[in-house]
Amino acid sequence: MGEVVVVTSGKGGVGKTTATANIGTALAALGKRVALVDTDIGLRKLDLVLGLENRIVFHLIDVTSGNCQLKQALIRDKRLDGLYFLPAAQTRDKTAVTPEQMRELSAQLKQDFDYVLIDCPAGIEQGFKNAVAGADRALVVTNPEISAVRDADRIIGLLEASEITNSRLIVNRIRPNMVKRGNMLDVEDILDNLRIDLIGVVPEDEKILISTNRGEPAVLDSSSRAGQAFRNIARRILGEEVPFLNLEANEGWRPWFRRIFGLSNAR
Amino acid sequence: MLEFLMRFLGRDPASSSKNIARERLRLVLVHDRVNVSPEVLESLKEELIQVISHYMEIDEDALEVSLNQADNSVALMANIPVLRVKRLTREPVTPR
Numbered sequence: 004m005g006e007v008v009v010v011t012s013g014k015g016g017v018g019k020t021t022a023t024a025n026i027g028t029a030l031a032a033l034g035k036r037v038a039l040v041d042t043d044i045g046l047r048k049l050d051l052v053l054g055l056e057n058r059i060v061f062h063l064i065d066v067t068s069g070n071c072q073l074k075q076a077l078i079r080d081k082r083l084d085g086l087y088f089l090p091a092a093q094t095r096d097k098t099a100v101t102p103e104q105m106r107e108l109s110a111q112l113k114q115d116f117d118y119v120l121i122d123c124p125a126g127i128e129q130g131f132k133n134a135v136a137g138a139d140r141a142l143v144v145t146n147p148e149i150s151a152v153r154d155a156d157r158i159i160g161l162l163e164a165s166e167i168t169n170s171r172l173i174v175n176r177i178r179p180n181m182v183k184r185g186n187m188l189d190v191e192d193i194l195d196n197l198r199i200d201l202i203g204v205v206p207e208d209e210k211i212l213i214s215t216n217r218g219e220p221a222v223l224d225s226s227s228r229a230g231q232a233f234r235n236i237a238r239r240i241l242g243e244e245v246p247f248l249n250l251e252a253n254e255g256w257r258p259w260f261r262r263i264f265g266l267s268n269a270r
Numbered sequence: 378m379l380e381f382l383m384r385f386l387g388r389d390p391a392s393s394s395k396n397i398a399r400e401r402l403r404l405v406l407v408h409d410r411v412n413v414s415p416e417v418l419e420s421l422k423e424e425l426i427q428v429i430s431h432y433m434e435i436d437e438d439a440l441e442v443s444l445n446q447a448d449n450s451v452a453l454m455a456n457i458p459v460l461r462v463k464r465l466t467r468e469p470v471t472p473r
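Protein sequence lines, in the order shown, are assigned to chains V and S.
If you read the first sequence in my numbering, its first letter stands for residue 4, the second for the next number, and so on.
If you read the second sequence in my numbering, its first letter stands for residue 378, the second for the next number, and so on.
Written out as structure tokens, the structure reads:
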């Protein structure tokens, strides 16, 4: 019996889909059976990040409305054994599926998979309610921006109200050199304000866009720092203790400059 | 010279936008969580002035009412400068 994990954020554009694709791919690379479900009906994206957009035949609404069997709609990823993808419908809207149907679908997927990752749409309306309906736990994605943190706080409240209590936080797109200059909230500032524990910090990385351009999740690129951070999150989900990345390395000339002048501070 | 170097290295704390963001975030979350709008706070403030004015002369312009967060609880903080305590000319208002 597997576990259903919803990846959510409130605010759009913080990296839910990127996180879902990368953590799911990393879990599959660690030998787990993983199903990724795109619940953003009408605004499908996960297919592109996974590079599976040309293989879609059936979608989530086909399954929930009984047009096809679940097995027919699941697309098998050719790169990794055990990685499957259930796309969202593109020509319907969020009311085409109900929380009850999502609960049923989640229960069905849990029978066959170790991890079911649900990519939640932005917002707190119907789409969110559908996505969390069958979830056992949540990964809340945020950015070091007050607007994203505020939405994350709201989402954490709504998750608690839905009795999903073991949520974990991912701080995505952090730019260590901006933090160092005092121009970006750091992870501590964010954790001080949110009432959940951290599971990973992902640095801003150009390789994310490049990997999305190619349709190959960054976790498959061993040189991507964001990919490394997502691989670490996958291992933490499996219960491993993985130290957090040292985000200060490879940050251009300033750290070197500071070191030369003996100005490196303890922070 | 040191100050120049610090600024050059981006260590000027006064201009740090992070501190501004942190404070704005803290306040907005306190308000979001207790679900109190600025309008509600404003009307609370006005009623406070009315009640306190029965007993004391207060500096209404300097009066501050805000919600603050201490650890995991939210506190209503009122800073009310008293100008003069009035001599009671009538019975205190007793709530029934």
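The C-beta atom is built at its ideal place from N, Cα and C for all residues, glycine as well.
For chain V, check one thing: does any of its Cβ atoms lie closer than 8 Å to the Cβ of residue i?
i: residue 444/S; result: no
Measure from the C-beta of residue i to each C-beta in chain S and report whether the shortest distance is under 8 Å.
i: residue 126/V; result: no
i: residue 149/V; result: yes
i: residue 157/V; result: yes
i: residue 70/V; result: no
i: residue 196/V; result: yes
i: residue 190/V; result: no
i: residue 152/V; result: yes
i: residue 269/V; result: At residue 269/V the pLDDT is 37, less than 50, meaning the model places this residue with poor confidence and gives no usable figure here.
i: residue 16/V; result: no
i: residue 12/V; result: no
Expressed to the nearest angstrom, what Euclidean distance is found between the alpha-carbon atoms of residue i and residue j?
i: residue 105/V; j: residue 423/S; result: 49 Å
i: residue 439/S; j: residue 5/V; result: 59 Å
i: residue 42/V; j: residue 431/S; result: 59 Å
i: residue 55/V; j: residue 397/S; result: 43 Å
i: residue 102/V; j: residue 455/S; result: 45 Å
i: residue 3/V; j: residue 19/V; result: Because chain V in this structure spans residues 4 to 270, residue 3/V falls outside the shown range and cannot be described.
i: residue 79/V; j: residue 231/V; result: 24 Å
i: residue 29/V; j: residue 229/V; result: 12 Å
i: residue 176/V; j: residue 433/S; result: 53 Å
i: residue 121/V; j: residue 64/V; result: 15 Å
i: residue 259/V; j: residue 441/S; result: A caution first: residue 259/V carries a pLDDT of 48, below 50, which makes its placement in the model unreliable, though a value can still be read off. Near 47 Å, if we compare the C-alpha coordinates of residue 441/S and residue 259/V.
i: residue 426/S; j: residue 437/S; result: 7 Å
Checking the sheet assignment: what are the DSSP bridge partners for residue i?
i: residue 203/V; result: 173/V
i: residue 444/S; result: 453/S
i: residue 6/V; result: 118/V
Using a Cβ-Cβ cut-off of less than 8 Å, give me the residues of the stretch 393-411 of chain S that come near chain V, in sequence order. 393, 394, 395, 396, 398, 399, 401, 402, 403, 405, 406, 409, 410
In the stretch 168-188 of chain V, which residues sit with their C-beta less than 9 Å from some C-beta in chain S, listed in chain order? 180, 181, 182, 183, 184, 185, 186, 187, 188
So, do the stretch 21-38 of chain V and the stretch 238-248 of chain V have three or more beta carbon pairs nearer to each other than 8 Å? yes
Within the chosen definition, does the stretch 223-230 of chain V reach the stretch 180-193 of chain V through at least 3 CB pairs nearer than 8 Å? no
Evaluate the contact criterion for the stretch 188-204 of chain V versus the stretch 144-157 of chain V: three or more CB pairs, one atom per stretch, below 8 Å. yes
Counting pairs of Cβ atoms below 8 Å between the stretch 399-413 of chain S and the stretch 151-164 of chain V, do you hit three or more? yes
Are the stretch 124-141 of chain V and the stretch 77-97 of chain V touching, with three or more C-beta to C-beta distances below 8 Å? Cβ pair count under 8 Å is three or more, so yes.
Three CB pairs or more closer than 8 Å across the stretch 155-174 of chain V and the stretch 195-212 of chain V: yes
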